[in-house]
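Count along the sequence shown starting at 1, add 140, and that's the number in my numbering.
In this text, a Cβ means the ideal position worked out from N, Cα and C, and glycines have one as well.
Here is the structure we will look at, set down as structure tokens.
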Amino acid sequence: MNRLILAASFWSEENMKSILDNLIKWFMTVGKNILIAIVILIIGNKLIKWVLKLIGNSFKKTKIEPMVAKFLISLIKFALYFLIAIIVISVLGIPTTSLIAALSAAGLTLGLALQGSLSNFAGGVLILLFKPFTIGDYIKEDTHGNEGTVTGIDLFYTKITTIDNKTIVIPNGTLANSSLTNYTAQEKRRIDILIGISYDSDIRKAKSVLADVIDGCDRIIRDEEISIYVDNLGESQITLGVRVWTKTDEYWPVRWELLEKFKCAFDDNGIEIPFNQLSVTIKAVSYTHLRAHETLRHL
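Put into structure tokens, the structure is as follows:
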């Protein structure tokens with residue numbers, strides 16, 4: 141009986157009117173904010189998709205690296221959604237100061253813990269953006285002297301293959317923060333060769349022989365300057381220098397060919413290439429002097 145009375149009092153017109161008034165008040169305050177937050181989410185989501193599409197099209201026009209473009213789009217997407225989330229939280233009346241402070245502290249802690257990885261990550265982004273080298277280039281990093289052909293570039297590491305077919309993985313932070321040499325960045329390279337002749341040899345004849353060898357090499361670029369000069373007058377030899385240009389991918393074959401032909405041509409023309417020699421002089425000492433020295437030593 142008591143339950144029936146309580147149920148009747150709950151569903152009474154006066155009580156229902158009070159509940160409805162409270163719901164209206166709640167909707168006018170909190171409910172309105174929730175509705176505004178939903179509208180912000182819907183409109184913000186469409187705006188973010190439009191902005192990301194616009195940025196993606198601009199990246200395609202600038203021919204930026206796909207990996208860098210994907211990373212930048214993801215970063216911008218995260219930042220925009222984070223901004224929308226902060227706006228929604230503010231509309232709902234939730235304090236954002238403490239939330240931002242907590243996220244900042246967490247970000248600082250994570251950054252300190254991943255300092256090395258973040259350095260490699262930043263280096264990878266810089267390499268992909270500024271392109272000091274690309275896949276297929278032959279590079280040498282000066283920090284540890286590793287050199288080889290670049291076979292892969294990602295956001296954290298770069299892979300190179302050495303001439304004896306070993307794979308070396310180098311952190312991008314090292315490559316971005318130190319000097320390196322890119323041997324294949326240009327289409328042509330200059331070959332510098334120093335070769336010594338004896339002082340008894342004729343300099344003019346030696347230079348003529350070198351010129352004849354160079355004229356017979358078809359892979360030398362004729363449009364570039366060809367120099368044959370006296371580089372140094374040393375203690376035991378005259379050093380001649382040769383400078384010619386060739387295509388980058390033919391640098392070593394042409395260099396090896398010239399060295400071999402220079403030696404053969406000098407041999408054919410009687411021009412001596414000196415080598416280090418050690419002269420030993422033995423001074424003769426008479427038996428009488430040795431006996432006198434022994435006598436004086438025993439006195």
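Quiz item: Whole-angstrom Cβ separation of residue 351 and residue 337, contact assumed at under 8 Å?
Solution: With 8 Å as the limit, residue 351 and residue 337 do not qualify as a contact, their Cβ atoms being about 14 Å apart.
Self-check item: Candidates 294, 404, 214, 277, of which the one nearest residue 195 by Cα
Solution: 214
Exercise. Pull up the DSSP beta-bridge partners for residue 370, would you.
Key: 380
Quiz item: Going by alpha carbons, who is nearest to residue 183 out of 212, 281, 228?
Solution: 228
Practice problem: Over the uninterrupted alpha helix (DSSP H) stretch that includes residue 173, give me the two end residues. | Solution: 172 to 202
Quiz item: For residue 294, which option in 396, 357, 267 has the closest C-alpha, if you only look at C-alpha atoms?
Solution: 267
Exercise. Leaving aside the five residues before and after residue 216 along the sequence, list all residues of the same chain whose C-beta is less than 8 Å from its C-beta, in chain order.
Key: 191, 192, 195
Exercise. Give a single yes or no on whether residue 395 has its beta carbon closer than 6 Å to a heavy atom of the ligand HEM.
Key: This structure simply doesn't include the ligand HEM, nor any ligand for that matter.
Quiz item: Which term fits residue 281, buried or exposed, when burial requires 16 or more other beta carbons within 10 angstroms of its beta carbon?
Solution: buried
Quiz item: For the stretch 273 to 351, which segments carrying the alpha helix (DSSP H) assignment without a break, of at least 4 residues, lie completely within its bounds, in sequence order?
Solution: 312 to 316
Exercise. Just mark residue 219 as buried or exposed, buried being the case when its beta carbon has 16 or more other beta carbons within 10 Å.
Key: exposed
Quiz item: Assuming residue 273 and residue 312 make a contact with CB atoms under 8 Å, what is their CB distance in whole Å?
Solution: Wrong, their Cβ atoms sit about 11 Å apart, outside the cutoff.
Quiz item: On the premise that residue 370 lies in contact with residue 378, defined as a C-beta separation below 8 Å, what is that separation, rounded to the nearest angstrom?
Solution: 7 Å
Practice problem: Just mark residue 270 as buried or exposed, buried being the case when its beta carbon has 16 or more other beta carbons within 10 Å. | Solution: exposed
Practice problem: Measure the Cβ-Cβ separation of residue 277 and residue 202 and say whether it is below 7 Å. | Solution: no
Exercise. Find the nearest neighbour of residue 348 within the set 340, 174, 332, 411, judged by alpha-carbon distance.
Key: 411
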